Structures are given as structure tokens and as C-alpha cells.
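**Q** Chains as they are written, first to last, in full-length UniProt numbering: chain A, 1 to 188; chain B, 1 to 188. Beta carbons: idealized from backbone N, C-alpha and C, even for Gly. Note that the coordinates shown come from a computational prediction; the quantities given were computed from them, not determined experimentally.
There are 2 protein chains.
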Amino acid sequence: MGRWEPDARGRLAKAALALYAERGYEQTTVAEIAKRAGLTERTFFRHYADKREVLFAGAGELEGLFVGAVAGAPESAAPLDALTLGLDAVAEMFADRREFACRRQAVITANAELRERELIKLASLAAALTGTLRGRGVAQPAAGLAAEAAVAVFKIAFERWIVPAEERPMRELIRESLAELKAVTSGA
Amino acid sequence: MGRWEPDARGRLAKAALALYAERGYEQTTVAEIAKRAGLTERTFFRHYADKREVLFAGAGELEGLFVGAVAGAPESAAPLDALTLGLDAVAEMFADRREFACRRQAVITANAELRERELIKLASLAAALTGTLRGRGVAQPAAGLAAEAAVAVFKIAFERWIVPAEERPMRELIRESLAELKAVTSGA
DNA sequence: CACCTGATGTCAGCTCCTGTCATCACGTAG
DNA sequence: CTACGTGATGACAGGAGCTGACATCAGGTG
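Here is the structure:
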């Protein structure tokens with residue numbers, strides 16, 4: 001055993017999610033999170049930039065996966081087809097994390113500050129996708145619009161996937177949302 | 001003359017924008033804003049919920065205008081056509097406020113916290129548009145996707161309108177973005 | 001004149017977050 | 001084996017954002 005219990009970061013994340021869920025984000029102090037993880041407040045801020053970020057550590061992974069899949073699409077693929085590959089890759093990643101995603105999302109939707117943070121992560125994703133499309137030769141503003149549209153599809157499919165009543169696979173919901181988007185933008 | 005100088009709210013907003021532009025958002029304290037407006041810190045927080053909100057007082061107006069135009073579209077209009085009427089209404093509103101919008105946007109884009117707040121205002125707009133479309137009989141998820149797409153069009157048109165080099169009318173940029181969105185979603 | 005109202009000032013206090021320095025197990029060089 | 005460096009952590013002070021509670025006081029109202 002080392003000098004400290006291992007995985008301080010993970011313990012902080014777990015403690016934070018638990019407390020945010022138990023008593024609400026605003027009613028939880030960083031000192032309490034740290035205490036539950038057996039650490040101090042100062043150490044919390046060494047692992048996470050702020051009180052919100054502890055819930056968004058996985059965002060970078062999602063972005064990397066999405067961008068990677070789009071970048072790896074065949075050169076001949078149209079922008080929306082490349083983005084669809086990215087959406088599929090993301091869907092796969094979510095497949096076995098439904099319960100965790102649900103608890104986490106319940107906390108986020110319950111608080112405006114956390115929703116703000118979530119939105120900027122999605123915006124960062126859109127920006128990264130825009131850059132990737134541009135690297136594939138797509139011009140502006142088409143690249144930006146396609147990226148925003150793909151993120152909207154992800155957002156809405158995710159919203160429906162989270163609903164406990166549905167229980168449908170993420171991939172299916174994404175295909176449906178994509179089809180709806182095409183219908184609604186071409187229909188007018 | 002009343003007991004106090006009139007328009008405390010407006011004075012605070014003006015002082016805040018000036019200071020944020022001068023020395024940056026983070027380097028400005030609320031006490032400084034209040035002092036420049038001839039008020040106290042406590043009074044600032046009576047007018048604005050937090051240090052960011054002072055830049056977003058007009059967001060409600062934008063949302064109302066957009067939603068009103070969509071709601072007032074002919075019943076026969078397709079979702080995207082109704083949304084286009086909303087986009088046009090918004091474009092008109094921006095027409096004579098370019099300089100103010102530029103200064104404000106420069107401050108916002110320079111700071112992540114302010115971008116977060118901007119994003120949640122846009123999300124609120126998308127939610128309001130979704131509700132309006134649903135009121136017009138559009139089902140989910142089509143309503144949500146159409147709303148998100150319209151907000152994406154607004155976002156990207158606005159980005160281009162702000163660029164000093166361009167100087168093209170907002171309405172024209174919106175039409176262009178809309179056409180690009182249709183092209184990119186139907187082309188694949 | 002007495003009273004109420006509403007915008008503001010004053011003050012105490014919590015929480016978030018940061019800078020700085022101390023601590024101390026572990027690894028490594030000698 | 002000792003000495004030293006390293007890296008994660010603790011301890012402490014302090015600024016800034018934000019809130020609650022109470023005081024103040026010009027104006028309107030009876």
C-alpha cells in the first residue's frame with residue numbers, strides 16, 4: 001500500500017455524484033465532498049478545476065471518440081455520413097453505462113449551473129467536429145452547420161435514451177433522430 | 001429629480017460592459033462596477049442575479065420576439081418556414097445595434113464563463129421554440145430538432161455578422177446559413 | 001401629520017477558489 | 001545505508017461572489 005489510498009480522483013468523483021444526488025448540487029460543499037473521499041478541500045481543487053467539473057471528466061473521452069470516428073471516415077463520405085459514423089461510435093460507448101448516465105444526468109438537469117457546463121462541453125464538441133470536417137475539405141458555414149446538427153441529433157437521442165420508460169438502444173434512437181432531422185430540413 | 005439618479009439598472013449594465021471590455025471580465029469586481037455606477041455591490045445583486053447576467057438582460061427580449069414570430073406564422077406553414085419567420089424577425093431587431101453587439105460579443109467570447117451563460121440562453125431559446133412548434137402540432141422529436149437547427153442557423157449567421165470585415169446584413173446571412181443547412185442535411 | 005412603500009446602504013457571513021509553504025512516503029544515486 | 005529529489009497531500013490565509021437581515025429615507029397616501 002502506498003502512502004495514500006489509491007485513486008483520489010475517482011473517490012472524489014464518486015463522492016461528489018453521491019452527495020449531489022442525495023442533497024442537491026448547491027446544498028453540497030466542496031469540503032463535504034473532500035471529507036467523504038477522505039481528502040481535503042484543497043486537494044479537490046487540485047484534481048478538478050471547479051465544483052462542476054467533477055461531473056464532466058468523461059467529456060473529453062466522448063469528444064475524442066466522436067472526432068476520431070469522423071476523422072477516420074472514408075474520404076469519399078459526405079459530411080453527414082462521416083458524422084453518422086461518429087454518432088454510432090458514441091452510441092456504442094454509452095451502451096453499457098446506462099445507469100451511471102441516468103444518475104449523473106438527473107443531477108445535471110436539476111441544476112442550471114451544471115446544465116451550463118454541459119452545454120459548453122457540447123459546444124466544444126461541435127467546435128471539434130467543425131474543425132475535423134474542415135480538415136476533410138468541407139467549407140464554412142456548411143461544416144459548422146453540419147456539426148451543430150449532429151450535436152443536436154446526439155442531444156435529442158440522448159434525452160430520449162435517458163427516459164427510463166423507453167429502454168431503447170442508443171443507436172436506434174440516433175438513427176431515428178437523424179432521419180427526423182433530414183425530414184424536417186428538407187420538407188419545407 | 002427623485003431621491004436617486006434614475007435607471008440604476010441601465011447604469012450598472014453600461015458600467016459592467018465598459019469595465020469588462022477595458023480590463024477583462026475576471027479582472028473586474030462587482031464592487032468596481034457598482035462604484036462606477038454610483039451604487040453599492042449589494043444593489044448590483046438586487047438588479048442582476050449574478051456577475052454574468054448583467055450582459056444578458058436582452059436575451060429575454062430576443063426570445064420573446066423569436067417565439068412570437070413563430071407562433072404568429074400561418075397555420076399552414078411548415079415547421080422550418082415558421083422558424084424562418086422567427087429568424088427574420090430577429091434579424092430585424094439586430095439591424096441597428098451592430099456596434100453594441102460587437103463590443104458585447106467580444107467580451108463574451110473572451111471568457112469561458114460568459115460563453116457558458118450565452119449557451120444556456122440559446123438553449124432556453126431552443127426549448128421555447130420547441131414548445132411553440134409543439135403548440136402548432138409538430139410532434140417530437142421533429143419539433144426539438146427543428147428548433148435546435150434554427151438556433152444553429154442563428155448562431156452561425158450571428159458569428160458571421162459580427163466579423164467586422166463582412167458588414168453584410170443579418171437577414172442575408174441567415175438566408176445563406178439556412179440554405180447551407182438544407183443542403184448539408186439533404187445531400188447525404 | 002402619520003404611515004407605508006420601495007430602492008438603497010451597511011454589515012456579517014458562507015462558500016468557492018487560489019497562492020504559498022510545510023509534510024512525508026517513496027524512489028534513486030552514491 | 002544515507003542523502004536527496006519527487007510528487008501528492010495538508011494547512012493556512014485571503015480575495016471575490018453572493019445572501020440574509022436590518023437600517024435609512026424620499027416620496028406617495030390617508
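#1: Let me make sure I understand the geometry here. Which of A:Asp-88, A:Phe-100, A:Glu-61 and A:Ile-174 has the alpha-carbon closest to that of B:Leu-145?
#2: Can you tell me which of the three DSSP states B:Ala-165 falls into?
#3: Would you check if the distance between the CB atom of B:Thr-40 and the CB atom of B:Ala-34 is smaller than 8 angstroms?
#4: Skipping 5 residues on each side, what residues in its chain have a beta carbon closer than 8 angstroms to that of A:Leu-19?
#5: Among the residues of its own chain, which have a CB less than 7 angstroms from the CB of B:Leu-122, if the five just before and after it don't count?
#6: If you check the beta carbons only, do A:Leu-133 and A:Ala-147 fall under 8 angstroms apart?
#7: State the DSSP-derived secondary structure class of B:Tyr-20, mapped to helix, strand or coil.
#8: Taking 8 angstroms as the CB-CB cut-off, is B:Glu-148 touching chain A?
#9: Give me the Cα-Cα distance between B:Leu-65 and A:Gly-38, rounded to the nearest whole angstrom.
#10: Would you say A:Lys-35 reaches chain B, if we count a Cβ-Cβ gap shorter than 8 angstroms as a contact?
#11: If I measure Cβ to Cβ from A:Val-30 and keep anything under 7 angstroms in the same chain, skipping five residues before and after, which residues do I get?
#12: Specify, as a first and last residue, the run of the alpha helix (DSSP H) that A:Lys-51 falls within.
#13: Pick helix, strand or coil for B:Arg-136, following the three-state DSSP scheme.
#14: Contact check, B:Glu-63 vs B:Leu-125 under 8 angstroms by CB: the rounded distance?
#15: Please say whether A:Leu-85 and A:Ala-95 have beta carbons closer to each other than 8 angstroms?
#16: DSSP three-state label for B:Thr-43, please.
#17: Hey, would you say A:Leu-55 sits closer than 8 angstroms to A:Ala-16, going by beta carbons?
#18: Need the endpoints of the alpha helix (DSSP H) that B:Asp-81 sits in, please.
#19: Exposed or buried, B:Ala-49, counting other C-beta atoms within 10 Å across all chains shown (16 or more means buried)?
**A** The short version:
#1: A:Ile-174
#2: coil
#3: yes
#4: Thr-28, Glu-32, Ile-33 and Arg-36
#5: Val-151 and Lys-155
#6: yes
#7: helix
#8: yes
#9: 52 angstroms
#10: no
#11: Glu-41, Phe-44 and Lys-51
#12: From DSSP, A:Lys-51 is part of no alpha helix (DSSP H); its letter is neither H nor E.
#13: coil
#14: 5 angstroms
#15: no
#16: helix
#17: yes
#18: 79 to 94
#19: exposed
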